[in-house]
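**Student:**
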Amino acid sequence: MPTLSEIVRQAQSMRTQPKLLSELVEESISILRDERSNSNNRVNGGVILPSNTRFIVIGDIHGDFDTLVKILSKTDAIRFLEDKRGYLVFLGDYVDRGRSQVESVSLVLLLKKHYPDRVVVLRGNHEPPPELPPYPHDFPYVLQAYYGSLGIEIYNRFKEWFNELPYVAIAKNEILFLHGGPPTRVLDECNGLEDCLGLESYPPSISILEEVLWNDPVEYIDYTAPSPRGAGVVFGPKVTRKVLGLLGVKAIVRGHEPAMEGYKLNHDGRVLTLFSRLGEPYFNEKAAYMVVDTRVPSWEVDLTEWIRKISVDEEPEVS
Ligand SMILES: [Mn+2]
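Going by the numbering used here, 181 is the number at position 13 of the sequence shown; the sequence numbering is gapless.
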């Protein structure tokens, strides 16, 4: 079993090793393609997870490697994965904005490589399709700054990787995991999980992808309204109630929005937002993540029970 320190060092070494990074991305692409065509857990753009288990859930990282390492250390994530105690779910947005984008995404890639059946790496809006560019998207420039013209090649490889990432994961009867929010435009005429999430075909339609990667929950409307982000929509409690009913799940766990305490709840506690990074350009004082045990009866009643936080001034855990 590799130790966390070893994996962390490997991730750090990618900064000076473009060949290794390129190979790592390539490997991950083939793992994901393989899962899509061969795995029982994968339905096109979605991952079906078991119920009655444990989940470590990590929201937006945006290049904050230090906090990511702290979370993995505090949760004893390597042992958790090694002993098959549950699943590690990433909610997207690994790159852009932060200081250690290459290290952060490399760490995620390495975890997926070592524990492919136990690690779910979801797509965020900063792992974009060409039709939906986020702003800022400085990751390609970071790659070029580190690796020169080779950086462009590596970015092209990453673009392929982005396209292979699943955009939703579902623990049946329990939780819908995604980056932004559920797709709303299909809700009136869809029935059941695959239909409502656009999982019948691959790749998904761009309109479904846009909503899943960009939507935000709000309290000030019932249904939907245009989003101030310029992509996706804002959705109200009626949408959430409908989605929970159609999919037969108890909660939606998503990332995408910063929050002062690292998390927030919407829609009567049914939508949980996790933001798992610290530092500029965001204002949040804490990064939050979730360690939930769905074998516990009534685990879903108060989702805040499962939240853990890291504050700005905590010492690093792994040197
Ligand atoms: Mn986002």
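In this text, a Cβ means the ideal position worked out from N, Cα and C, and glycines have one as well.
Could you give the DSSP three-state label for N492: helix, strand or coil?
**Tutor:** This structure does not reach residue 492, given that the chain is present from 169 up to 487, and the question cannot be answered.
**Student:** Quick one: grab the DSSP three-state call for R177.
**Tutor:** For the purposes of this step, residue 177 is taken as residue 9 along the sequence shown, with counting starting at 1. In the structure shown, R177 sits in a helix (DSSP, three-state: H, G or I).
**Student:** Is N293 near ligand 2, going by C-beta to nearest heavy atom under 6 angstroms?
**Tutor:** Within the structure as shown, ligand 2 is missing, the only ligands being ligand 1.
**Student:** Closer than 8 angstroms by C-beta to P186: which residues in its own chain qualify, once you throw out the five before and the five after it? Chain order, please.
**Tutor:** For the purposes of this step, residue 186 is taken as the residue at position 18 of the sequence shown. The residues are Y314, Y315, L318, G319 and I322.
**Student:** I need the straight-line Cα distance from I142 to A427, nearest angstrom please.
**Tutor:** Residue 142 lies beyond the range of the chain shown here (169 to 487); nothing can be said about it.
**Student:** Would you kindly report the start and end of the unbroken beta strand (DSSP E) that includes L344?
**Tutor:** Taking the sequence shown and counting its residues from 1, the one referred to as residue 344 is at position 176. Here the beta strand (DSSP E) through L344 covers I343 to L346.
**Student:** Put R325 into one of helix, strand or coil per three-state DSSP.
**Tutor:** The sequence position of residue 325 within the sequence shown is 157, counting from 1. In the structure shown, R325 sits in a helix (DSSP, three-state: H, G or I).
**Student:** First and last residue of the beta strand (DSSP E) that includes A456?
**Tutor:** Here residue 456 refers to the residue found at position 288 of the sequence shown. Start and end: K454 to D461.
**Student:** At a cut of 8 angstroms, does the segment 219 to 231 reach the segment 328 to 344 through at least three beta carbon pairs?
**Tutor:** Enough Cβ pairs lie closer than 8 angstroms, so yes.
**Student:** Pull up the distance between the alpha-carbon of R397 and that of S375, whole angstroms please.
**Tutor:** By 1-based counting over the sequence shown, the position of residue 397 is 229. By 1-based counting over the sequence shown, the position of residue 375 is 207. Between R397 and S375, the C-alpha separation is close to 15 angstroms.
**Student:** Tell me which residue opens and which closes the alpha helix (DSSP H) that P394 is part of.
**Tutor:** Taking the sequence shown and counting its residues from 1, the one referred to as residue 394 is at position 226. Segment T392 to P394 is the beta strand (DSSP E) holding P394; no alpha helix (DSSP H) there.
**Student:** Residue range of the beta strand (DSSP E) that I475 falls in?
**Tutor:** Start at 1 with the first residue of the sequence shown, and residue 475 comes out as number 307. Residues I475 to S479.
**Student:** What span of residues does the beta strand (DSSP E) with A419 cover, start to end?
**Tutor:** The count along the sequence shown starts at 1 and reaches residue 419 at position 251. A419 to R422 is the extent of the beta strand (DSSP E) around A419.
**Student:** When burial is assigned at 16 or more other CB atoms within 10 Å of the CB, is V421 buried or exposed?
**Tutor:** Along the sequence shown, read from residue 1 onward, the residue named residue 421 stands at position 253. V421 should be labelled buried.
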